[in-house]
Amino acid sequence: MLDKTDDISVAADNWLVQFEDALASPDDVLLKPLFHPDSHWRDVLALTWNIQTVSRAFSILAELPAHAQRSAPRNFRIAADRAAPRRAMRAGTNAIEAIFRFETAVGRGHGIVRLIPDADDDNRLKAWTLLTALEELKGFEEQQGRTRPRGQAYSRDFRGPNWLDQRKASADYADRDPDVLVVGGGQAGLAIAARLKQLEIDALIVDREARVGDNWRKRYHALTLHNQVQVNHMPYMPFPPNWPVYIPKDKLANWFESYVDAMELNFWTGTEFAGGSYDEAQGHWRVELRRADGTTRMMQPRHVVMATGVSGIPNRPEIVGLKNFAGKVVHSSGYEDGEDWQGKRALVIGTGNSGHDIAQDLHSSGAEVTLVQRSSTLITNIEPSAQLAYAAYNEGTLEDNDLIATSMPLPLARRSHVLMTEQSKELDKPLLDGLVRAGFRLDFGEGGTGWQFKYLTRGGGYYFNVGCSDLVASGAIKLKQFSDIDTFVPEGARLKSGETIAADLIVLATGYRPQEELVKRLFGEAMADRVGPIWGFGDGQELRNMYTRTSQPGLWFIAGSLAQCRINSQYLALQVKAIEVGLLPRDVGPVAKLP
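The following block contains the structure:
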């Protein structure tokens, strides 16, 4: 019995044995005692062909048996090559955590079970959280390690095309169209293209920039990543161990260029995706690509992956009187360097990461800077507070930590981030008190959930302090509230008090429009309505229309940090492969709607 042993490994192994037996049972009599009343089952494609979370034991018992009957999960075993079962504190709860392997009728997967005692059942150990995640499809495994390609097509054929000839022909698409068109060549586009290639799916990345990596290279001069290197590895090619903790933008951009070459990804630079339409009868797209040389190419891919990022179309709000300003107005996406503004005056409107970084860059270049706050903002020091969310990545393997991150259901993730936010508030108290004294309006996210949930729900509204907040607190960078501005005049901003803040430059650090507006622009209003909101959390406790099937067949979205794209690209690629080999139908929307 699970409640009769103190051995962690035995407890976890016993639960898995009983779980497998229960899934094979025709009713839920054996399954019911295994789940804590306040439990969560997160399935990532393995049993449901969906990415979803089911909460509470009675709901799990209502759904799991039917999915198990269809998918035939079996051979649940502790994963010998992963972290051993252990006690771990998750979301403030001490649990036994075990990583396991299993298989289904069509694939193999990994999972995590966390066991806690049920006080209402004699402290019997029961599942508090359960993850079942698909890792590979049987018969369609990635070719790597011992199964890597041998290169017979060119290695011993002295008369045929060599490797370089084949690479050029593959990237030219002179006589074929790709199976998948990936729009956007940042971390999202590279990650999904690399995953698809490993699954032998022909993918072409298109990006309007002239050089791979320009989407980072062309951003403002002082930019570095705000989370640490160990979190940000790309699929298959981790960063070298001597890389800095915080990666500079140009270093990352150059790595992207190397990544495309090393992973043999087909990438068309200087290519604008002009839009397209879906042929329901034929099951493919008809899209238009505009090349840098002025030519146009029509293609018919079966899938389009929008990897244009959360930050797509710059948000330029209608600001009363701004057209009266005689100086330069630039959106943060177009800001490059503060050196040209030495000795001049600048207003930066917006207090997220970009607004603070640009204000600090201008200040360090010798400009007189006023930061204008439009709404309350979450502030956290970049170290250690902002890195608390990634603490697990400082130990253990990347694969284990990615699985742990995947395993956390939304309700528990929220709880974890509330606890981390309270911890960061204590760590950052001197800074936060100084900001309040300077008139800065603080918040800590909805329900105190902190910066990461601000990112996941709205894509911004926070700042990782690397020095700008100290400058604001000390008065070195001035602070004004947007509500204090009456209008703009040629000389700058006129306040309601009658004072004028003189300016030569106004930077609009006002964020970006939601992704559904890009869908409307490229595919039309009807398709945008069909797809619906993108990003943010929906009723199913998952990011809406991200990494999973949308209501438009063949249209996918992937975005987020390097870590998010590394993790979720695997699951998006598996869904595409399942459709291509007939395991999933092509002509339906979200899998949750399948009969």
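Read in order, the letters of the sequence shown are residues -6 to 588 in the numbering used here.
For each residue, glycine too, the CB sits at the ideal point set by N, CA and C.
- Note on PRO237: under 16 other CB atoms within 10 angstroms of its CB, so exposed under the neighbour-count rule.
- Comparing alpha-carbon positions, the option among PRO546, LEU54 and GLY553 lying closest to VAL569 turns out to be PRO546.
- Closest by C-alpha distance to ASP113, out of GLU257, GLU509, LEU38 and PHE28, is PHE28.
- A direct Cα-to-Cα measurement between LEU16 and LEU424 gives close to 53 Å.
- For PHE266, no alpha helix (DSSP H) run applies; the uninterrupted beta strand (DSSP E) run containing it begins and ends at 264 to 272, by DSSP.
- The beta-carbon separation of ILE560 and ASP395, rounded to 5 Å, stays under the 8 Å limit for a contact.
- C-alpha of GLU332 to C-alpha of GLY348: approximately 17 Å in a straight line.
- For PHE95, DSSP records a beta bridge to GLY102.
- Apart from the 5 residues on each side of it in sequence, ARG338 sits with its Cβ closer than 6 Å to the Cβ of GLU361, ALA495, ALA496 and ASP497 in its chain, given in chain order.
- Put simply, of ASP426, GLY343, ILE351 and HIS296 the residue whose alpha carbon is nearest the alpha carbon of THR217 is ILE351.
- Contact check for GLU509 against ALA521 passes: the beta carbons are separated by less than 7 Å.
- In the DSSP annotation of this structure, ALA339 is not part of any alpha helix (DSSP H); the continuous beta strand (DSSP E) holding it starts and ends at 338 to 342.
- Between the stretch 182 to 191 and the stretch 255 to 273, the count of Cβ pairs shorter than 8 Å is three or higher; the stretches touch.
- With contacts defined as CB atoms closer than 7 Å, LEU511 and LEU364 fail to qualify as a contacting pair.
- About 22 Å separates the beta carbons of GLY138 and ALA39, which is beyond the 8 Å limit, so they are not a contact pair.
- At a Cβ-Cβ threshold of 7 Å, PRO171 and LEU197 count as neighbours.
- Taking the Cα positions, ASP532 is about 14 Å away from ASN43.
- Within the stretch 172 to 201, the beta strand (DSSP E) runs of at least 3 residues that lie entirely inside it are, in chain order, 173 to 176 and 196 to 199.
- Pairing LEU123 with VAL99 gives a Cβ-Cβ distance that is not under 7 Å.
- Our two residues, GLY343 and GLU202, have alpha carbons roughly 27 Å apart in a direct line.
- In this structure, the alpha-carbon of ASP111 lies about 44 Å from that of GLU573.
- Restricting attention to ILE1, ARG79, ARG70 and ALA4, the CA atom closest to the CA of GLY389 is found in ARG79.
- Membership of GLU415 in the alpha helix (DSSP H) is indicated by the continuous run 403 to 420.
- The criterion of a C-beta distance shorter than 7 Å is satisfied by GLY336 and GLY359.
- DSSP places GLU376 outside both helix and strand once states are collapsed to three, so it counts as coil.
- Beta-bridge annotation (DSSP): PHE530 is paired with LEU536.
- SER490 has its alpha-carbon roughly 27 Å from the corresponding atom of HIS324.
- Per DSSP, PRO30 is one residue of the beta strand (DSSP E) stretching across 28 to 37.
- For PHE133, no alpha helix (DSSP H) run applies, since DSSP gives it neither H nor E.
- Between ARG309 and THR503, the beta carbon gap of about 7 Å places them in contact (Cβ cut-off 8 Å).
- Taking 3 residues as the minimum length, the beta strand (DSSP E) runs contained wholly in the stretch 211 to 264 are 259 to 261, in order along the chain.
- For the set ARG63, ARG94 and THR86, the Cα lying nearest the Cα of PHE69 is the one of ARG94.
- The distance from the Cβ of THR264 to that of LEU282 is about 5 Å, consistent with a contact at the 8 Å cut-off.
- In this structure, ALA431 places its C-beta atom within 7 Å of the C-beta atom of ALA466.
- Looking at the DSSP output, LEU124 bridges to ARG35 and ILE105.
- Here the alpha carbons of SER326 and PRO66 stand approximately 48 Å from one another.
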